[in-house]
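Residue numbers (the working numbering), protein chains in the order written: chain A, 1 to 204; chain Y, 1 to 204; chain C, 1 to 204; chain V, 1 to 204.
Ideal Cβ positions, reconstructed from N, Cα and C, are used throughout, including at glycine.
In what follows, a single structure is set out as structure tokens and then discussed.
There are 4 protein chains.
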Amino acid sequence: MNHPSQLAAPIPISRRRDRRSDLVDAAIKLFAERTYAATPVPLVAAEAGVGTGTLYRYFPSKEALGNAAFQRAKGRFLEGVAAIGGEYADPRELFSAWWGALFRFAAEHPDEFAFLEHQQHAGYLDAESHALAAQVDEAAAAVLRDAQANGEVRDGDPTLLVALVFGAFIGIDRQARAGLLALDDHTRAATEPIVWALLRKDHA
Amino acid sequence: MNHPSQLAAPIPISRRRDRRSDLVDAAIKLFAERTYAATPVPLVAAEAGVGTGTLYRYFPSKEALGNAAFQRAKGRFLEGVAAIGGEYADPRELFSAWWGALFRFAAEHPDEFAFLEHQQHAGYLDAESHALAAQVDEAAAAVLRDAQANGEVRDGDPTLLVALVFGAFIGIDRQARAGLLALDDHTRAATEPIVWALLRKDHA
Amino acid sequence: MNHPSQLAAPIPISRRRDRRSDLVDAAIKLFAERTYAATPVPLVAAEAGVGTGTLYRYFPSKEALGNAAFQRAKGRFLEGVAAIGGEYADPRELFSAWWGALFRFAAEHPDEFAFLEHQQHAGYLDAESHALAAQVDEAAAAVLRDAQANGEVRDGDPTLLVALVFGAFIGIDRQARAGLLALDDHTRAATEPIVWALLRKDHA
Amino acid sequence: MNHPSQLAAPIPISRRRDRRSDLVDAAIKLFAERTYAATPVPLVAAEAGVGTGTLYRYFPSKEALGNAAFQRAKGRFLEGVAAIGGEYADPRELFSAWWGALFRFAAEHPDEFAFLEHQQHAGYLDAESHALAAQVDEAAAAVLRDAQANGEVRDGDPTLLVALVFGAFIGIDRQARAGLLALDDHTRAATEPIVWALLRKDHA
DNA sequence: GATGAATGAGGGTTCATTCAT
DNA sequence: AATGAATGAACCCTCATTCAT
Numbered sequence: 001m002n003h004p005s006q007l008a009a010p011i012p013i014s015r016r017r018d019r020r021s022d023l024v025d026a027a028i029k030l031f032a033e034r035t036y037a038a039t040p041v042p043l044v045a046a047e048a049g050v051g052t053g054t055l056y057r058y059f060p061s062k063e064a065l066g067n068a069a070f071q072r073a074k075g076r077f078l079e080g081v082a083a084i085g086g087e088y089a090d091p092r093e094l095f096s097a098w099w100g101a102l103f104r105f106a107a108e109h110p111d112e113f114a115f116l117e118h119q120q121h122a123g124y125l126d127a128e129s130h131a132l133a134a135q136v137d138e139a140a141a142a143v144l145r146d147a148q149a150n151g152e153v154r155d156g157d158p159t160l161l162v163a164l165v166f167g168a169f170i171g172i173d174r175q176a177r178a179g180l181l182a183l184d185d186h187t188r189a190a191t192e193p194i195v196w197a198l199l200r201k202d203h204a
Numbered sequence: 001m002n003h004p005s006q007l008a009a010p011i012p013i014s015r016r017r018d019r020r021s022d023l024v025d026a027a028i029k030l031f032a033e034r035t036y037a038a039t040p041v042p043l044v045a046a047e048a049g050v051g052t053g054t055l056y057r058y059f060p061s062k063e064a065l066g067n068a069a070f071q072r073a074k075g076r077f078l079e080g081v082a083a084i085g086g087e088y089a090d091p092r093e094l095f096s097a098w099w100g101a102l103f104r105f106a107a108e109h110p111d112e113f114a115f116l117e118h119q120q121h122a123g124y125l126d127a128e129s130h131a132l133a134a135q136v137d138e139a140a141a142a143v144l145r146d147a148q149a150n151g152e153v154r155d156g157d158p159t160l161l162v163a164l165v166f167g168a169f170i171g172i173d174r175q176a177r178a179g180l181l182a183l184d185d186h187t188r189a190a191t192e193p194i195v196w197a198l199l200r201k202d203h204a
Numbered sequence: 001m002n003h004p005s006q007l008a009a010p011i012p013i014s015r016r017r018d019r020r021s022d023l024v025d026a027a028i029k030l031f032a033e034r035t036y037a038a039t040p041v042p043l044v045a046a047e048a049g050v051g052t053g054t055l056y057r058y059f060p061s062k063e064a065l066g067n068a069a070f071q072r073a074k075g076r077f078l079e080g081v082a083a084i085g086g087e088y089a090d091p092r093e094l095f096s097a098w099w100g101a102l103f104r105f106a107a108e109h110p111d112e113f114a115f116l117e118h119q120q121h122a123g124y125l126d127a128e129s130h131a132l133a134a135q136v137d138e139a140a141a142a143v144l145r146d147a148q149a150n151g152e153v154r155d156g157d158p159t160l161l162v163a164l165v166f167g168a169f170i171g172i173d174r175q176a177r178a179g180l181l182a183l184d185d186h187t188r189a190a191t192e193p194i195v196w197a198l199l200r201k202d203h204a
Numbered sequence: 001m002n003h004p005s006q007l008a009a010p011i012p013i014s015r016r017r018d019r020r021s022d023l024v025d026a027a028i029k030l031f032a033e034r035t036y037a038a039t040p041v042p043l044v045a046a047e048a049g050v051g052t053g054t055l056y057r058y059f060p061s062k063e064a065l066g067n068a069a070f071q072r073a074k075g076r077f078l079e080g081v082a083a084i085g086g087e088y089a090d091p092r093e094l095f096s097a098w099w100g101a102l103f104r105f106a107a108e109h110p111d112e113f114a115f116l117e118h119q120q121h122a123g124y125l126d127a128e129s130h131a132l133a134a135q136v137d138e139a140a141a142a143v144l145r146d147a148q149a150n151g152e153v154r155d156g157d158p159t160l161l162v163a164l165v166f167g168a169f170i171g172i173d174r175q176a177r178a179g180l181l182a183l184d185d186h187t188r189a190a191t192e193p194i195v196w197a198l199l200r201k202d203h204a
């Protein structure tokens, strides 16, 4: 008998990682640059280095591709940022880690971040995408709830506080995208205490 | 006997306000809901209650319409929010007025606000639109600079502080758009001190 | 008492000749420059100095305007060129007069001539236009038939001979339109004997 | 048993000649019949037996298609007619060959000829098209210059003489298109000496 | 499985024609 | 009677999707 793997197929062995993954990355990049609606599907395929028809072997439609892109970006954000939590005892340290993770994510995955920022309520997002978005929101809220329980963080709706903090970061990101500042350690260090003032309980 | 002025003309009275203005409003509404790229021109015309061809009597192209919409929204924002300033001696009061204006604007002009939030770096914006956007940014920065000079507001790049505050409001607006809160007096009152903590000089 | 002309009506009194005539002239000019199909009706109205709606008070459709233009141009050609005839006893002189008339017409009415040259078999021409075209052809053929009867002109289908001579002039006109020569007396004098060679009976 | 070659592939064999070529031919035919401006692009595609979108895979715009059509027609004319020359020692024979080629071209390529006749100064023609047109004119003028040098042909601007001869043929072609005569050997033989009279040096 | 040529519905825009003023 | 704003059919062109190779 022979190894099935040798006979059954010419074994490209995951050519360049993964076709599907390449396509999603290409989509995120182009959707971030040009908007979902203004990006032709063939351009995504070309960016990923495959033929147009090939893309449709991995995604049944442009909408499906858009959702895959959204879910990939949101998923990475969840892993990289929103899920930070448990391991920190001190709320101040926790926030520091969270804020740092936000900077790191936006700096290392600028396309993912820009894409997420703009497709907030895009018409093509399906239930799964919305669910994932809700999961991200909840994860962040949970972290904050813990910090509130710990006592050092301001009272109030944790969802609202997360929205304020995350919104403030969006403001920073837009400044960065406009070239007015860099998403580096300096900016992170300068902004961290400012935004922390927003979270920490007012002193008597 | 009758007034000649009443007889002579069948009283046109600015046919339902103004065609051009209606078209811009329709564009802002639809662009906010569906994105500029994903909104067909005929849909804008229909929303304004006119035929497709009529739109092109007022705007030479979809791009021109997009810029008019952007400039109308930004202009209203400038009038309603960014221009607030001089009349307030106390920085705390000034912020209170500014934050209140932001709430009022987002509540009364939700489409304008949503549109502006999304068209941040749209490819179709022309020099005039960019100039107006810069003017708005500068007006807000100027207000903040005054407050800093006055002493009660945190030091640092006023542009960055404005970005943080405005970003925080974007966070609130998104919560509101998701139905998680209302842009009412209660929310305004609850968030104002939180965001003020972001601006005011740290004690001690 | 007052002059009726002052009271009864503003009396434009055939303002600038005749509206209809102005419109036809404007149409000929623009159709010659830009082609019938590529000329917007409002442009014709503007060229004639009237509103678009006014044009439709004189012509029920663009086609009707096109036919009026064709008939005006052909009619003028008939008067100015094709009808020349009877008064000349000598065929050589007759040809000279005819050739001169052709030059004069093309020089004085360049738009009419260019328009006629291009709309030869345009799809919008109606029966009346075709009939007038046929009348022009027949008038020219009749002249030539006379000359043949007189003896000095080559035998053969007069229609064909007319086509050759008129075609030769089209060649000249195109050169002129390209700026390679002028439709002046010099060119007329230089070409007349050449084209006459085409008509005159070969010497034994 | 069957040939594997018949089974393996469904015999592609250059799908009906060439798509691009078919499209140009369809364009020439329709532009000749209906004018460039009055011919919708989808009609050209349908005439070529392809979908509208397909046409745009071969030509970036209607203008590009128009230029390709013009260049194809002019190019064929150059090959078939204007380039005739060198191999004839006797000017009379040369003219005979040239005139015959003209008849053959107009008879075999009636659409090309009609199209060229009408697009003389069309606004959509690009530099390349104009250059080709100039090349054709020059080729014809060169032939005539040779014949003049040889002595048997009338003196004068060769460009003008070519224009006269070619114009005369246009006259014939219009008669033919109107159904008044045929572009056959009989007409050719009948007209050749007439037009030759236009070219040959007058006898003492 | 991969490709990209082919397609036609749909998007931006123009324009012949109408009609309220 | 004159106007020009209004209209929608039709035009040029793009692009999501399919399918023969």
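| query | result |
| --- | --- |
| Proximity winner among C:R177, C:L164, C:A141 and C:A73, relative to H121 of chain V (alpha-carbon distances) | C:R177 |
| First and last residue of the uninterrupted alpha helix (DSSP H) at K74 of chain V | K62 to F77 |
| Segment limits, alpha helix (DSSP H) that includes R57 of chain Y | T52 to Y58 |
| First and last residue of the uninterrupted alpha helix (DSSP H) at H130 of chain C | A127 to N150 |
| R19 of chain C versus L160 of chain V - alpha carbon distance | 41 Å |
| Bounding residues of the alpha helix (DSSP H) (the contiguous stretch that carries Q175 of chain C) | P158 to R177 |
| DSSP state of R211 of chain A mapped onto helix, strand, coil | As shown, chain A starts at 1 and ends at 204. That puts residue 211 of chain A outside it, with no answer to give. |
| Buried/exposed call for K29 of chain C, threshold 16 Cβ in 10 Å | buried |
| Same chain, Cβ closer than 7 Å to L199 of chain V, five either side skipped, listed in chain order | F95, V153, R154, L161 and V165 |
| Listed by chain order, chain C residues near F166 of chain V by CB distance under 8 Å | G171 |
| Sequence-distant residues of its chain with Cβ nearer than 8 Å to K201 of chain V (five each side left out) | G151, E152, V153, R154 and D155 |
| CB contact check: Q135 of chain C to chain V, cutoff 8 Å | no |
| Length of the line joining the Cα atoms of A182 of chain A and R174 of chain A | 10 Å |
| Cβ-Cβ distance between L78 of chain Y and F169 of chain Y below 8 Å | no |
| Residue from V:A106, V:D126 and V:D25 with nearest C-alpha to D185 of chain V | V:A106 |
| Same chain, Cβ closer than 8 Å to R205 of chain A, neighbours up to 5 away in sequence not counted | Nothing in the structure corresponds to residue 205 of chain A, since chain A is present only between 1 and 204. |
| Proximal residues to A48 of chain Y (C-beta, below 7 Å), its chain only, five neighbours per side dropped | D22, L23 and A26 |
| Whole-angstrom C-beta distance between G100 of chain A and R34 of chain A, which should lie under 8 Å | The pair is not a contact, with the Cβ atoms about 30 Å apart (cut-off 8 Å). |
| Residues of the segment 136-155 of chain A with Cβ closer than 8 Å to any Cβ of chain Y, in chain order | R154 |
| Presumed contact (8 Å Cβ cut-off) between G167 of chain C and G171 of chain V, rounded CB distance | 2 Å |
| Listed by chain order, chain A residues near V195 of chain Y by CB distance under 8 Å | L164 and L198 |
| Cut-off 8 Å between Cβ atoms - residues of its own chain near E117 of chain A, not counting five sequence neighbours on either side | I170 and D173 |
| Contact list for G123 of chain A against chain Y, beta-carbon separation under 9 Å | E33, R34, T35 and A38 |
| Own chain residues within Cβ distance below 8 Å of Q135 of chain V, not counting five before or after | L78 |
| One or two residues paired with R200 of chain A in a DSSP bridge | A:V153 |
| A8 of chain A versus K62 of chain Y: straight-line alpha-carbon distance, rounded | Because the pLDDT at A8 of chain A is just 43, under 50, the model does not fix this residue reliably, and the value given afterwards should be weighed accordingly. Cα-Cα distance, rounded: 54 Å. |
| Distance CB(Q119 of chain V)-CB(Y56 of chain V) smaller than 8 Å | no |
| Best match in A:A46, A:A147, A:A83 and A:Q71 for proximity to F115 of chain A [C-alpha to C-alpha] | A:Q71 |
| Residue nearest to E108 of chain Y in terms of C-alpha spacing, selected from Y:F31, Y:V81 and Y:V143 | Y:V81 |
| Residue-level contact to chain C via CB, H109 of chain V, 8 Å cutoff | no |
| Rounded straight-line distance, which links the Cα of R76 of chain Y to that of A190 of chain Y | 26 Å |
| Closest residue to A38 of chain Y among A:G66, A:G123, A:K74 and A:D111 (Cα-Cα distance) | A:G123 |
| CB contact flag (D111 of chain V, A32 of chain V, <8 Å) | yes |
| Under 9 Å by beta carbon: chain C residues contacting R177 of chain V | Q120 and H121 |
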